[in-house]
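Asks: Following this message is one structure expressed as structure tokens.
Number of protein chains: 2
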Amino acid sequence: MRCEVVAVGTELLLGQIVDTNSSWIGEKLALIGVDCLFQVKVGDNFGRMEFTIRQALERSDAVICCGGLGPTQDDITRDVIAKIMGVEMKRDDAIAQHIRDIFEKRGRPMPENNLRQADVPEGATTIAQMPGTAPGLVCPVLVDGVEKVVYAVPGVPHEMREMMEGTVLDDLRRRSGETSVIHSRVIRTWGYGESALAETLADHVDALDESGHATIAFQASGIEGIKVRVTAKAESHDAAEKIIAAEEALIREKLGDHIFGVDAQTMESVVLDMLRERDLTFAAAENLTGGILSTRITALDPAMEVFKGATIGPHGTAPDDSAMTGEDRAVAAAMHAREAIGTDIGVAVLAPPADEEHPPGTVFAAVVLPDRAEARTVALPGVLSRMRSYAVITVLDLLRKRLSEG
Amino acid sequence: MRCEVVAVGTELLLGQIVDTNSSWIGEKLALIGVDCLFQVKVGDNFGRMEFTIRQALERSDAVICCGGLGPTQDDITRDVIAKIMGVEMKRDDAIAQHIRDIFEKRGRPMPENNLRQADVPEGATTIAQMPGTAPGLVCPVLVDGVEKVVYAVPGVPHEMREMMEGTVLDDLRRRSGETSVIHSRVIRTWGYGESALAETLADHVDALDESGHATIAFQASGIEGIKVRVTAKAESHDAAEKIIAAEEALIREKLGDHIFGVDAQTMESVVLDMLRERDLTFAAAENLTGGILSTRITALDPAMEVFKGATIGPHGTAPDDSAMTGEDRAVAAAMHAREAIGTDIGVAVLAPPADEEHPPGTVFAAVVLPDRAEARTVALPGVLSRMRSYAVITVLDLLRKRLSEG
């Protein structure tokens, strides 16, 4: 089955907004086994939109149109699709009332043109998910006697995603004649290089390829580590989940504590969850990383209930004792942060002093827990900005491993 | 003149990479007055690439192909263009030698397939800028007796940009028959709402529209403030620059110190430059902003020569005196950071205590200089994450204004 994406909006062509919707949709289509051979950006122009959608319908089975569903005069996706379907527009009273209700709840007067969003081409159905004021549409179209389909979803990313995940992807799979379901899980790892990871799992991947009931793919994702995506196809949701759970167990056996989370979990969300569960607080001495750790952590803990604070820069760390090793200095800095800020745990990330010789990218990371301290010397790749981000993940990963031990 | 963009790469359709190149090109084309009506993403497939480029050539005067110029077997942009031109490929010896030299300089053996990048369709010329190993191409194509052009540039963004700015945009303008040049400058403002800014400049914009020798456009850019873009068309670079300088002077008169910079300058780059010029250092107490200020500043001052450090979280600030106003507490925190870290200047951003009532988004920002202290109470819009970013710019802007006074 083939499905194209048409992203609608003059602002996309002018570069005022980057079209991330098509990329997101492309990824989702690949996961359900639908081929996406073209993605086109077109402006808010009737003729060019009509041409683009018609062409996409000729060479594919389905088209997803993103954008142009708003209330203003240049939002014409509905009208273009009605013309292609060869039908009139009909106002959907339930949707119209729903839009009125939304404005009433917000306590704002509704400009009359908002009701344009309740106009639905005859024969089209609206998508149940409606996080905004614009309904999505499923529009069947006959092309040379073959039933094809145009989906219209809003350009607002979170609205588009809700409709895609709630309706469009399932509908596409149903139309493709697939009765099976596809589930996938991303297993997130840190500490492996891509080739080492692939090698560790090589035998298992080969066996999977033969059995055919699940697939494994690797995706190197920079400071997010390497993602291992397990995809299973089965006759039911339960059966797919069962396959994935079995796969995950096998992979966990092989990769051990290199796995820090699954799916949307991040290194910082995992560490924060572990600390919350254990009722522990922590503080940081960010000498090398200049605030990146604090920024990432406080984004998830804005009230600073777990992460109590940090010092940025050399002030406030232990006195510079040139007799100390880098690791000892990192431990002293973590200890100092822990004591000064009054937390259970302290972490620190230091660069070597300028007058010492170390391999490029050398970083000292330390974690001080109530009952023990640990430090690591690592050599991180890349330019300084990248190295700093890696250093943040490195020290969080060290903390994660120590927490998971007890 | 019309120019389409074709972004080549299966990884774009799969959503593994977001196509930001087309957006960047679209913005540049608009600035030189070239219409870009379609932008298409297509995979590394000969037939579909040929179809897409041919269709773009039929409806436009020029096509920019991004990507598919690398050394591997799936990099086939060169071959597709040669077929469309109806010519053979010829190896360019100078380019081949240049590629060999690049590998030699890097001290790495050159895989033989890298020389594929030196293959040039007959009749095409190579683009002088060559930051990587893949040359860009300017390929004239006759379509129904009309001379059109296909440009091939790499998908690596910085390589693409260098070729666009060094060759392609000028070549497009020349082909469009324009002998004039277009220059533009972005004047960066903070502290105005979009409508207030537009109103302040309204008379001037009207006058400009009549005179026709320059245009002004506004772009609200979130925490980057509102950008005012001045574009001038003239017979020479000097003449265009002269018009822009005169416009900038007029706008500066009207907007005064709401202007913090031009073009690529950011609030933090401007503040850092001012501090460097004055040989001053600063420190921050980031109670509300959780490390965002430190992260943004240390990205530009990684050695921490100007920005000496910060405290994140409530620790280390002045004792919590409930008799103090929010502004007084912010000044005390800034003073404490300045003294504890030992700098000339301290800044602080605080949220009100939980037990006090304040309008949503209230933030106290303070700047303490050697000879005076100043605080502001502001109400910032949006969710917490957005509010924090605004708070960072707010306190940096306050510092900028005080520094510019003397």
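If you read the protein sequences in the order shown, they are chains A and B.
According to numbering that gives the first Met the number 0, the first sequence is numbered sequentially starting from 0.
According to numbering that gives the first Met the number 0, the second sequence is numbered sequentially starting from 0.
Glycine residues also receive a C-beta, built at the ideal position from the N, C-alpha and C atoms.
Rounded to whole angstroms, what's the CA-CA distance from A:HIS335 to A:GLY345? Just pull it up for me.
Replies: Cα to Cα, the separation comes out at about 8 Å.
Asks: From B:ARG184 to B:LEU271, what distance separates their C-alpha atoms?
Replies: C-alpha separation (whole angstroms): 22 Å.
Asks: Quick one: give me the first and last residue of the beta strand (DSSP E) that A:ALA238 is part of.
Replies: Run containing A:ALA238: none in the beta strand (DSSP E); it sits in the alpha helix (DSSP H), 236-254.
Asks: May I ask you to list, following chain order, the residues of the region 213-240 of chain A that have a beta carbon less than 8 Å from some beta carbon of chain B?
Replies: Per Cβ criterion, the list reads GLN218.
Asks: Out of A:GLU158, A:MET109, A:ILE75 and A:ARG99, state which residue places its alpha-carbon closest to the alpha-carbon of A:VAL119.
Replies: For the residues A:GLU158, A:MET109, A:ILE75 and A:ARG99, the minimum Cα distance to A:VAL119 belongs to A:ILE75.
Asks: Please name the residue in B:LEU397, B:TRP189 and B:ARG375 whose C-alpha comes closest to that of B:ILE258.
Replies: Taking only the C-alpha atoms, the option nearest B:ILE258 is B:TRP189.
Asks: Less than 8 Å between the beta carbons of A:VAL394 and A:VAL348, yes or no?
Replies: Yes, these two residues count as a Cβ contact at 8 Å.
Asks: Starting from the C-beta of A:VAL204, find all residues in its chain whose C-beta is less than 6 Å away, skip the five residues before and the five after it, and write them out in chain order.
Replies: Excluding positions up to five away in sequence, the list reads ILE215.
Asks: Beta carbons nearer than 7 Å to chain A: which residues of the region 27-59 of chain B have them?
Replies: Residues passing the 7 Å Cβ filter: ALA29, CYS35, LEU36, PHE37, GLN38, VAL39, LYS40, VAL41, GLY42 and ARG47.
Asks: Name the chain B residues that come within less than 8 Å of A:ILE94, Cβ to Cβ?
Replies: The premise fails here: A:ILE94 is roughly 28 Å from chain B at the closest Cβ pair, so nothing lies under 8 Å.
Asks: Among B:MET266, B:VAL269, B:GLU247 and B:VAL377, which has the Cα closest to the Cα of B:ASP326?
Replies: This sequence places Glu at residue 326 of chain B; Asp is not what is there. Nearest of B:MET266, B:VAL269, B:GLU247 and B:VAL377 to B:GLU326, Cα basis: B:VAL377.
Asks: How big is the Cα-Cα spacing for A:ARG337 and B:GLU276?
Replies: A:ARG337 and B:GLU276: Cα-Cα distance of roughly 37 Å.
Asks: Interface residues of chain B around A:VAL17 at Cβ under 7 Å?
Replies: Simply VAL17, THR19 and SER22.
Asks: Is it buried or exposed, A:ASP43, if we count other Cβ atoms within 10 angstroms and call 16 or more buried?
Replies: Its Cβ being crowded by 16 or more others within 10 Å, A:ASP43 is buried.
Asks: Chain B partners of A:GLY66, CB-CB under 9 Å?
Replies: The contacting residues do not exist; A:GLY66 stays about 14 Å from chain B at best.
Asks: Let me confirm a value: B:ASP396 is counted as buried when at least 16 other C-beta atoms fall within 10 Å, else exposed. Which label applies?
Replies: By the neighbour-count rule (16 or more Cβ atoms within 10 Å), B:ASP396 is buried.
Asks: Are A:MET163 and A:GLY122 closer than 8 Å when you measure CB to CB?
Replies: Cβ distance not < 8 Å, so A:MET163 and A:GLY122 don't count as in contact.
Asks: Do we get a CB-CB distance below 8 Å when we pair A:SER194 with the residues of chain B?
Replies: False, the Cβ-Cβ gap to chain B never drops below 8 Å.
Asks: Residues in its own chain within less than 7 Å of A:VAL367 by CB, not counting five upstream and five downstream?
Replies: Here the set comprises VAL330, ALA333, MET334, ARG337, ILE344 and GLY345.
Asks: In chain A, which residues lie less than 8 Å from B:ALA378 when you measure between Cβ atoms?
Replies: Neighbours of B:ALA378 on chain A: none; closest Cβ ~18 Å, over 8 Å.
Asks: Using the three-state DSSP reduction, which class does B:PRO139 fall into: helix, strand or coil?
Replies: Strand, per DSSP.
Asks: Who are the neighbours of A:MET303 on chain B, taking C-beta pairs under 7 Å?
Replies: Under the 7 Å cutoff, chain B gives GLY312.
Asks: Between the region 91-118 of chain B and chain A, which residues of the former have a C-beta closer than 7 Å to a C-beta of the latter?
Replies: Listed in sequence order: no entries.
Asks: Going straight from the alpha carbon of B:ASP92 to that of B:ALA133, what length do you get?
Replies: The straight-line gap from Cα to Cα measures roughly 14 Å.
Asks: Is the Cβ of A:LEU13 closer than 8 Å to any Cβ of chain B?
Replies: Closer than 8 Å to some Cβ of chain B, the Cβ of A:LEU13 qualifies, so yes.
Asks: With a threshold of 8 Å between beta carbons, is B:GLY260 in contact with chain A?
Replies: Not an interface residue.
Asks: For A:VAL4, which residues from the same chain have a beta carbon less than 6 Å from its beta carbon, with the 5 sequence-adjacent residues on both sides left out?
Replies: Here the set comprises SER21, ILE24, GLN38 and ILE63.
Asks: Helix, strand or coil for A:LEU349? Go by DSSP, reduced to three states.
Replies: Here A:LEU349 sits in strand by DSSP.
Asks: In the region 366-394 of chain A, which residues sit with their C-beta less than 7 Å from some C-beta in chain B, listed in chain order?
Replies: Against chain B - using a Cβ distance shorter than 7 Å - the residues of the region 366-394 of chain A are LEU383 and SER384.
Asks: Please state if the CB of B:VAL148 and the CB of B:CYS138 are separated by a distance shorter than 8 Å.
Replies: The answer is yes: Cβ separation under 8 Å.
Asks: Taking 8 Å as the CB-CB limit, is A:ILE340 close to chain B?
Replies: It does; some Cβ of chain B falls within 8 Å.
Asks: Would you check if the region 8-19 of chain B and the region 29-37 of chain A touch, i.e. whether three or more CB-CB distances between them fall below 8 Å?
Replies: With the cut-off at 8 Å, the region 29-37 of chain A and the region 8-19 of chain B touch.
Asks: Does the ligand SAH have a heavy atom nearer than 7 Å to the CB of B:MET334?
Replies: As far as ligands go, the structure on display features none, and thus does not contain the ligand SAH.
Asks: Looking at the structure shown, is B:GLN38 part of a helix, part of a strand, or coil, going by DSSP?
Replies: Residue state, collapsed to three classes: strand.
Asks: Cutting at 6 Å between CB atoms, please list the residues of its own chain near A:ARG228, excluding the five before and the five after it.
Replies: So the qualifying residues of the chain are SER183, VAL185 and ALA216.
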